[in-house]
Each structure stands twice: as C-alpha cells, then as structure tokens.
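Asks: Before anything else, here's the structure in question.
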Amino acid sequence: MRALCALAAVFLWLFIPAGHLHAAPLAVTVVLSESSGAYLEFSDALREKLLNKNIYLNVVDDPGEAIPEQGLIVAVGMKAATAIAGSSAHAILNVFVPRAGYEKLLHDFPLRAASKTCSAIFLDQPAERQVRLIEALLPGKRSIGILLDSYPPDDLVQLRQRMAKHKLTLHEHKIGPDFPLHVALQHVLDSSDVLLALPDAAIYNSSTIRNILLASYHSGDPVIGFSPSYVKAGALAAVFSTPAQIAAQAAMAIQRYGETRMLPAAQHSQQFEVSTNEQVSRSLGLAIKSAEELHQEISAIMGDEP
Amino acid sequence: MKKRNRPLWCCSCQYLAWMFMFSGFPVFTACYAGDDVSEQSYLQDFPVVLSASRLSQPLPETPNAVTVIDRDMIRASGFRNIADLFRMVPGMYVDYRDGYSPFVSYRGGTDDYTRRMQVLVDGRSVYLPPYNTVDWEDLPLHMDDIERIEVVRGPAAPSYGSNSVLGVINIITRDASALDGASIFVTRGNAGGGNGASDAVVRYGRSGERLDYRLMLGAKSDNGFNFPAPYKNWYNGYNDSSHTYMANMRGNYHPGGQDSFDLQLGFSDGTHATGDPGNYHAPPHDIKNNSNFQQLTWLRTLGQQEDFRLHYSHTHRNSVDERYTNDGLYWLTDNVSVHRHEIELQHTTQLGSANRFAWGAAMREESADAPTLFLAPQKLHQSRLFANDEWRISPRLLLNIGAMLESNGMGRKDVSPRVAVNYHVTPEQTFRAGISVAHRNPALFEERSNNRYTATLEQYFLSSGGLRPERALSREIGYLGEFRSGLSIDVRAYNDQVSNLIFADPFVYPWSVNKMPSYDFRNEFMVHYTGLEGTVKYSWDAKKNRLIFNFAHQVAGATLFGTPKIMTQAPALPPPLWGIVQGIGLAQIQSIARDFSASAPMNSFSILYSRQVWERCSASLGYYQQGAVYILTGDRQPLSRRLDVRIAEQFGPAGKVGGGEVSLVVQNALKDSSVGYSGYLFDRRAYLAATLNF
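Respectively, the protein sequence lines represent chains A and B.
So for the first sequence, our numbering puts the first residue at 1; every next one is plus one.
So for the second sequence, our numbering puts the first residue at 1001; every next one is plus one.
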C-alpha cells in the first residue's frame, strides 16, 4: 500500500502542469544594506510592484541576519550583496550595486559567477548614456574634463571609448600625493569646457563638493553629476535611475524567476531620468533643453547602445 | 590648452592635508575608502551649494549694462593699482592727483572728490564719509585678492543700494577656499625715480570640510610721480611718495548644509608724503592713514531657490594730517576719523516658475569726527528697503522691475525705481531697454561742513544745509551679442539727466579777515549726458588669443539754475570792491556750467590684447587713450595715451610647491608725454614681478 502511494505521488508530480506546481507563493527576501532613505524607497516600490503577484515578500534590514536558503534573495547595496554572496542562498538578485562592485563580487565569489541564479541591476549608468547626455545638453562643448583617483579602470576604458566614438576630447587628471585635488581641479577647469563628475568617493564627497562646485561655477564650467543630489547642489545636469525605476526592473526579474527559475543577465537599469538645474544653466548663460526633451533625445537614440 | 585664470587653488599642500579640514574632521564621512566600490556615491545627499543668491544674473539678463573685469584681464593688464583697472571700462575715466590719490569717475563732473558711483567690496561700501569718496590706495586689498569686478554702467539702486547714481563698482574677492598653500609675490619697479616702487605680499590659505580661510600680509611703497618745473609752480618739490602695510583675512565656516558664515577682516596702515616748500598751509609732511574693517555674512539656504543673507560690516578710517604752516607760526590739523556700521538682510526666492524675487532691508550708521571740517562730531542714521523682481514673461522676454525706498538721515525719503526689459532675439543676441531713477545723498561734508583753520582765521567751507539728494534719471537701450565664434559685442546708447547736482558755491564769509571767497554747497546745476559706448571682445585659437576693445563717446552739458549765493548775500565789502568779488564768484560758477561738458572725455578707448605665446609664456599689450578733460577744480588734463606691455613666464610645477611666474611690465612703453591735470609727468616705468609657491 505504501509503495502504491509513492507511485501515485510520482505520477502526479510527472503529469501535473508545472504552473500548478509553482502556484505556491514565491518567497522573496529583500536584504537591505541600510534601513533608510533610498533602500526603503526601493523596498516599498518593489512591494507595490509585486502586490497580487503571488509572491511572498519579506524585507530584512540587517545583512547579518540569517536568511532562508530557498527562494530568491534580493540584496540591496554592496554590504548586503557581499553578505549574501558568502551565504548559502541559492538565487540572488543584486541591486543598488555599481557594475564594478558587482564584478568585484563575482571575482571574490567565483562560484556565483558560474551560477545562472546570480544577477544584478546596476546602479550606475552606461557610459554611452552619460556621453549622450553631454552631447544633447551642451552640443557646443567638446572638451570634457574628469578627475580620477580610484575610479574603476574598466569603467574608465568604457568612458574613453565612448568619448572617442562621439569625438569628444577627454582631459583626465589623476590626483595623488604630488597632484592634490585643488591643483588637479584647477588644471581640469583650465583645460576643459565641462567637468564630468564620476562616482569616485575620494574626490567627490561631502567634504569637497562645495569647493568643487564653487570653483567650477566661478570658472564658468558646468558640472555634470550622476545623481539628483548633484543637481540639487549645483551641477548642471545628471542622468540616473531612481529607486522606483530599479524596483520596477527588479520586479520583472523576480516574476521571471518565479516562472523560469532563471534570472536575466546582469544589466544596467533600462529606465532612467534626466535632471537639470535651470537656475545654474541660466546663470552660466547656457541655453539648454528641458529634462523631458533631453530624456526623449537620449532615449530615442539608445537603441544602438551595446 | 585653454588658458584661463580661474580661482587659483595654488601652492603647496599635501593631498591629505587638503582633504582634512582645519578642525580635524575626517573627510570620508559617508563613503567607503580605498578601492571598495560602493553605492554610497550615488545615494549621498549634498546640501545646496549654488543657491539663489550665489547665482549671478548672466549678462544678457542684467537690467543694466555690466562690464566684467576678470582675473585674466587683471593679470594681462599688468596694472599695479586697483584704480587703473577701470581704464578697461568704456566711459570710465581714471586719473591721479598725485602718486597715491587716484580717482575713478564715470560720466563727468570730475574733480578730486569723485562721488557719484557706489563702490562695494564683497557687499561692503567703501564709499566713505565725510566726502563720500573712495580711498583706493588704503583699501586693505591687493590686486590678487580680486576674483572679478563687475562695473554696472548706470543707476542700480534696487540691486546695489544707496548712492548707485551713475554706476556701481562691485569688487568681488576670491573665496576663502580659493587658496590652499602659501605663496609670495614681489614687485620691483622704477616708478617715480628714487627708490622706485616695491611690493611684497605673502599669502597662506587652507581649505577643509567645514572651514576655509586665507590670509594676506603685504607691503607696498611707491615714489609717486615727478612734477617737472614747466607745470604748476606750487607742485615744484612736491613729494608724493608713500608706503602702506596691509593685511586681510577671509574665513568661511559652513558647518552643515544650510548655513555658511563668511568672516572678513582687513587692516591697512599708510604713510603718504605730501606738501611742497612753497605751500603756506602744507609744507612737506606726512599724512598717516589707518583703515580697518570687519564683516560677517551669514547665508542660510532654504533650498535651491530660496535663501536669506544677513550681512554686517564695520569700516573705520583714521587719517592724521598735522603740520605747521611753512613759516612755523601756526599748527594746522586736518584729522579725520570715520566709522560706518551697516547691517543688511536680503531674502531671495523663486515665486512660481517665472519670477525670481529679492527683497530686503538695511540700516547704516555713519559717524565722522573731523574737528577742522565740522564744529562737532557728526552722526547719520540711514535706512532702506529694496526689492527687485526678475520676471520671465516668456523664454525670450525678461522684465526686471525694482525699487529702493531710502531714508537718508537728513530728513528725506526717496524712492529709486528701475525697470528694464531684456528681449532675446536669438539665444545669442539680446536687446535691452531700461529706465531708472537713483539718488545720491549729500555727503556729510556737503551738508554740514564748517571747514576752517581757527589758528589762521580762515574759513573755507560753510554749509547752509538743507540739500536735496541729487536725482539721476537714466534711459538706455543696449545690445548684447555673445556668439559661439568667440565674438561678443556690448553696445549701449544712453541719456542721463542729473538734477539737483550739488556743487561748491562761492560766497564771502562775513567774519573772514581777508574776504576771500568761502564755499557753501547748494543744489545748483542740472546736467545731462548722452553717449554711445561699448565693448567688443574676441577670443580665438582655443582662447589662446584674446582681444578686448572698449570705446566711449559722450556729450555732456550743464545748466545753472537758481541764483548763486554770492549774488544774494549782504555786501561784505564796500560797493566797488563787492561788485568785483561778486563778479569773480559768479564767473567761477558760470564757468563750471560752461566747462561741464568737458569734465569727461568726449572720446576714449582702450585695447587689451593677450596671447599665450607658448604653453608657459604669455604676453599682452594694453593701449589706453583718454580725451582731454576739464577737472572742475579748474585744472585741465590734456589727452593722454599710454601703451603698456607685459610678458610672463611660468616656471616649476604649475600651481604646486616650487612653481611660480616671473613677469615684466613696461608702462607707457612709447614714452608718450602723459601729463596729469595736477602737473605730474607719467614717464615710462617698468616693473619686474615674481610669484613663488612654497
């Protein structure tokens, strides 16, 4: 009798459609690096997107907390991503991670690199998008300056290639013990029309941003940032993806995982926003297009993005 | 390579030292260090840095014509004195009475005490009582402290406050954060013969997370001008050498995102030789001037589009001028001690998407203790309310409308309104039309003078008081083109009328022993100015070459109204003599009306060409020509021409320790016989200057 029951169970497992078998809610655990600001904005937006999608969402705000091995883990930020990569979690979707940070993670945890159940949505924008923003925003300015310290070499290669492709001249100034920031900044402002801020925390941080923006403004050189905060502070413009936009893309990946048990390849956020500072553009005497026009212009030509 | 002179965060410093603020707070407060790649850079929140009041209007949107003198121009000009910089402003006239007494005048009515322009240094008025003039030589400010100068050509009371009658000079010094390290600057030249001219300036600055500061210590000495014999006899043997010590400090403390506190302190101590042996009242002696100021500006940012600015300043100037008459019989003093306290609150905000609105209030207390000029120490309390709205009616059309209501402390309240329309025909071309009214309050000396030497029983000035402010009505149309090719054109046609012009009116003081004319101040003239002026700039070859051409053509005239005082006063002498004295006095005042048209150059122009010869070498040529001028004190300044040449070579690592620049400046290189109205000869002079970062 016991053998008969077992046979019946195997029969049912073989012939019942897969969808019915997966009808049980997918367990998704969102692990936040911090329980604040953009992280919570992301988890709230994700919860909203996955409402009534037969997904059980659990948000954990301590990366050190024990997490279930099964189900999908969404690691939000590098701290969570590093903690989860080292755990026994089966499937991981990393968000709020820069591309270079994710590459480093895979390097540190090579087993994850081979897995089809580890992926990411990058927080940074593709270089092409940045370059196209500059072109659309300031068509007359062809000389772009950057300050470097610990900016990832691969990202720099990408940026150089994209600048060259668009025939923009890139002036690189690497700071160091014998080339301090204030000297490098002066050089870059002297040699360039635009200062492109890069996510290089040794250069652009709360200690330095005030003087960088003031010096650039007094030189008449606009700064292009990479987050809305830069635009608020005084940069001319920035292209970025909001937590809600990343959450929307993450929600799609989660649903796909629920259906296929596969995650899409690691990628940049498909949705993005452009923000401009009209007061700064006016004061610098720059006639620029509206953020909506710029977004449309960049979006319209993004089809050929690699 | 583009070569522009930006805030030069020059000199020595170690990267880590720069990255740590003065008070020792670590820099990396919100980021991962080293090669960790984190999302923090993307999520970090920053305070608003470029808030509403930090963002200046671009030239195509200003309600007045504005000339900007930037650091590149300052450096290329090779000028050693701040006053000379205004030779690069169309329509502005610069001259010297002697080696340390420059005057800067816009329009006409030029005399030793030019007093119809407001002059501000970082919002602090340096237009000081009792004469309401600027002591350019004793400003605790070195040329290299200046970030840029905005010269507003036309009345601008709603934006710049009291006494912005014919224009405003707005000197903006470098930020506290502009210097990180130390440098020394020295100059040596042959000016005036003898010991020539020497300057030495040491600077030190630090920049940090919450505190930036810079310090300057300087000394300058100058042998003045030569006064050759063929000119005025009374200047023969005149000694106009001077030496001045100065120091200034600027510190900016910005503890959080919202607040910024900017403290500035300055001090200068100058000794100016004056007098000549033939002058009874002023044989050779020294005048000792001492100035200091303190100012604090608190900027509270409430968002990208709104901030409050509270500004307090105190300025003190003390001048000691004591000597015996040249016969040694009488002790004469012309000492002056002046204080000014001023506090101003300004609120700037965006109203809807189309209006940027700035309004505020200010109070000022001025006091002057000058026993020879006044019977008793004088004090004045003034207050004002001001507002200006920048209304963007459409993307092409901008309306600036504003007014200032001022109580001048002398019983008058006046409104100074301004309306200007800017129309952008294309993004590169703008037409501007504006009309404005501004008032100049009588100077304390004009309103309350009792200027006499008791010892010699001489009365020079005696004010009857009750003066009305001078009222300027200005109408202008302008065109501004800024083209991508590197060409910019700024042209302006204007008609200004100044009524109630205050001028010295001769009369005979009844108790005068010698019955020589004394002077009252009265609202005596109405004057008008009509002119065309402009600037053409062109830069090419990636800005390695830069050409600036300024020109101005003006006609002026004056009408005497009312009856000169000498014609109405009771006879102070027996009839035949009285008639002669009246005739002399009347002729004197009529001559002012007649010669007023010549009190500004009819034509003037200047050219500044600068070129980057090779990567580390730059050269520039400046040519300045001013037409003949009649100085209203009765002197004539013939046409003056001058060609200045500068060549500079950088050495060592740019902007770093061991780096610097040497330069040679030759002024009046063609040795045109340039003679000042007071009879001095501006001969060819050369300066060698060097800067070293250490």
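All C-beta atoms, glycine included, are put in the ideal place defined by N, C-alpha and C.
Since the model is a prediction, treat every value here as computed from it, not as a measurement.
Suppose contacts are defined by Cβ-Cβ distances below 8 Å. Is I1477(B) in contact with R1432(B) by that definition?
Replies: yes
Asks: Residues of chain A with CB closer than 9 Å to the CB of Q1305(B), please, in chain order.
Replies: Here the neighbours are Q279.
Asks: What are the uninterrupted segments assigned as alpha helix (DSSP H) that are 4 or more residues long and contained completely in the stretch 71-150 of chain A, given in chain order?
Replies: 78-85, 99-108, 110-114, 127-137
Asks: Shorter than 8 Å from the beta carbon of H22(A) to some beta carbon of chain B?
Replies: Any reading at H22(A) needs caution, since the residue's pLDDT is 49, under 50, leaving its predicted position unreliable; the model's value is listed next. No, its Cβ sits nowhere closer than 8 Å to a Cβ of chain B.
Asks: Which whole runs of the beta strand (DSSP E) in the stretch 25-73 of chain A are 3 residues long or more, in chain order?
Replies: 26-32, 55-60
Asks: Using a Cβ-Cβ cut-off of less than 8 Å, list which residues of the stretch 225-259 of chain A approach chain B; keep chain order.
Replies: F226, S227, S229, Y230, K232, A233, G234, F240
Asks: When we look at the beta-carbon of G1402(B) and count the other beta-carbons within 10 Å, is it buried (16 or more) or exposed?
Replies: Around the Cβ of G1402(B), a 10 Å sphere holds 16 or more other Cβ atoms; the residue is buried.
Asks: Against chain A, with Cβ distances strictly below 8 Å, would V1037(B) count as a contact?
Replies: Yes, V1037(B) counts as interfacial toward chain A.
Asks: Check for me: the alpha helix (DSSP H) holding A247(A) runs from which residue to which?
Replies: 243-260
Asks: Distance check for M1216(B) and A1052(B), CA to CA, integer angstroms please.
Replies: 30 Å
Asks: Which residues, in order along the stretch 1476-1488 of chain B, keep a beta-carbon less than 8 Å from a beta-carbon of chain A?
Replies: Result list: E1482, R1484.
Asks: Within 8 Å of any Cβ in chain B, is that where the Cβ of S290(A) sits?
Replies: no
Asks: In chain A, which residues lie with their C-beta within 8 Å of the C-beta of Q1044(B)?
Replies: Think of a sphere of 8 Å around the beta carbon of Q1044(B): the chain A residues whose beta carbon falls inside it are N205, S206, S227, S229, in chain order.
Asks: Can you find a CB in chain A that lies within less than 8 Å of the CB of E1147(B)?
Replies: yes
Asks: Taking 8 Å as the cut-off, decide whether the C-beta atoms of Q1667(B) and R1642(B) are in contact.
Replies: yes
Asks: Just to confirm, is the Cβ distance from V1089(B) to P1102(B) under 8 Å?
Replies: no
Asks: Count the CB pairs spanning the stretch 1355-1364 of chain B and the stretch 1381-1393 of chain B that are closer than 8 Å, and state whether there are at least three.
Replies: yes
Asks: Does chain B have any CB closer than 8 Å to the CB of K116(A)?
Replies: no
Asks: Could you list which residues in chain A have their beta carbon closer than 7 Å to that of L1055(B), in chain order?
Replies: Q279, V280, S283
Asks: For A215(A), which three-state DSSP category applies?
Replies: Three-state result, A215(A): helix.
Asks: Is there at least one Cβ from chain B nearer than 8 Å to M78(A)'s Cβ?
Replies: yes
Asks: Output yes or no for whether 8 Å exceeds the beta carbon distance between A100(A) and D154(A).
Replies: yes
Asks: By the criterion of Cβ-Cβ separation under 9 Å, what are the contact partners of V1119(B) in chain A?
Replies: Chain A residues near V1119(B): none, gap ~22 Å exceeds 9 Å.
Asks: Who are the neighbours of K1656(B) on chain A, taking C-beta pairs under 7 Å?
Replies: Ordered by position in chain A, the residues that pass the 7 Å Cβ test against K1656(B) are V183.
Asks: Can you name the residues of chain B whose CB is closer than 7 Å to the CB of H107(A)?
Replies: Going along chain B, no residue has its Cβ under 7 Å from H107(A), so there is no contact; the nearest lies around 11 Å.
Asks: Buried or exposed: which applies to T1559(B), given that a residue is buried once 16 or more other Cβ atoms fall within 10 Å of its Cβ?
Replies: An exposed status is given to T1559(B), since fewer than 16 other beta-carbon atoms sit within 10 Å of its beta-carbon.
Asks: Note down, one range per segment and in chain order, each beta strand (DSSP E) of at least 3 residues found wholly within the stretch 1236-1305 of chain B.
Replies: 1242-1253, 1259-1274, 1285-1303
Asks: Tell whether a beta-carbon distance below 8 Å holds between A120(A) and V97(A).
Replies: yes
Asks: In chain order, what residues of the same chain lie with their CB nearer than 8 Å to the CB of P1140(B), ignoring the 5 residues before and after it?
Replies: M1246, A1247, N1248, G1266, F1267, S1268, S1291, N1292, F1293
Asks: Please list the partners that A1052(B) has in chain A, where partner means a Cβ-to-Cβ separation under 8 Å.
Replies: Q279
Asks: Could you name the residues of the same chain whose beta carbon sits closer than 6 Å to that of N1289(B), not counting the 5 residues immediately before and after it, in chain order?
Replies: D1138, G1270, S1319
Asks: Within 10 angstroms of its Cβ, does T1568(B) collect 16 or more other Cβ (buried), or is it exposed?
Replies: exposed
Asks: Give the secondary structure of R282(A) by DSSP, where H, G and I count as helix, E and B as strand, and everything else as coil.
Replies: helix
Asks: With a threshold of 16 other CB atoms inside 10 Å of the CB of G1434(B), please say whether the residue is buried or exposed.
Replies: buried
Asks: Could one say the Cβ of V1049(B) lies closer than 8 Å to chain A's Cβ atoms, at least one of them?
Replies: yes
Asks: Relative to the alpha-carbon of P1506(B), which residue among Q1459(B), A1065(B), G1676(B), R1087(B) has its alpha-carbon at the smallest distance?
Replies: Looking only at Q1459(B), A1065(B), G1676(B), R1087(B), the smallest Cα-Cα distance to P1506(B) is reached by Q1459(B).
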